[in-house]
Amino acid sequence: MEEIIEQLREANEPVPVPLELPDEDLLVEIEEQLFIDIPFVFREFLLTVSDVVYGSLEPVTVTDPQSHTYLPDVAANAWDAGVDRSMIPICQDGDDYYVVEEDGTVALWQAEDELLAEETWESVWHWARDVWLES
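In the working numbering, the protein residues as written are 203 to 337.
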């Protein structure tokens, strides 16, 4: 995990208005808006690297309600599209969503089939290494 955080920090692209990292209190507010608990590993991800801007994928953020990556809005759209309500989207990719399951596993929900792809990642950190950093 530390190695992946370091890689993401090094890859972080400068932007005119940098994002901020959330604190625990904000994550509790987000959970209350979502009516779902954020899995521990995904919490760590949001607390440590949700301000990173890199590559072609844009993972969800929680500090700016006006952002197109704001988790409650992305989640509402994903759930409307057919993503199971027990899953939290971590990133939208076209019409598809990378989602984190209750146990912390990450999967790709494919809009065309309204199904999860067979490939999964053990955690959001594995997804960040194998997918986000490669985007």
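The beta carbon of each residue, even a glycine, is placed where N, CA and C say it ideally should be. As the structure is a prediction and not an experimental result, all values here were calculated from the model.
Bridge partner(s) assigned by DSSP for Asp298: Residue 298 sits at position 96 when you count from the first residue of the sequence shown. Looking at the DSSP assignment, Asp298 forms a beta bridge with Asp295.
Between the CA atoms of Trp311 and Tyr299 - distance to the nearest angstrom: Reading the sequence shown from its first residue, position 97 is the one you call residue 299. Reading the sequence shown from its first residue, position 109 is the one you call residue 311. One C-alpha to the other measures close to 5 Å.
Pairwise C-alpha distance: Tyr272 and Thr265: To locate residue 265, count along the sequence shown from 1; it is residue 63. To locate residue 272, count along the sequence shown from 1; it is residue 70. Roughly 7 Å separates the two Cα atoms.
Coarse secondary structure for Val251, derived from DSSP in three states: For the purposes of this step, residue 251 is identified with residue 49 of the sequence shown, where counting begins at 1. Looking at Val251 - three-state DSSP - the assignment turns out to be helix.
Secondary structure of Val230, DSSP reduced to three states: Residue numbering aside, residue 230 sits at position 28 when the sequence shown is read from its first letter. If DSSP states are grouped into helix, strand and coil, Val230 belongs with the helices.
Unbroken beta strand (DSSP E) run spanning Leu318, endpoints: One-based indexing of the sequence shown puts residue 318 at position 116. Here the beta strand (DSSP E) through Leu318 covers 317-323.
Among Ala283, His328, Glu226, nearest to Gln294 - alpha-carbon criterion: Counting from 1 along the sequence shown, the entry for residue 294 is found at position 92. Minimum Cα distance to Gln294 is reached at Ala283.
Beta-carbon gap between Val262 and Ser252 smaller than 9 Å: By one-based count along the sequence shown, residue 262 stands at place 60. By one-based count along the sequence shown, residue 252 stands at place 50. A contact, by the Cβ cut-off of 9 Å.
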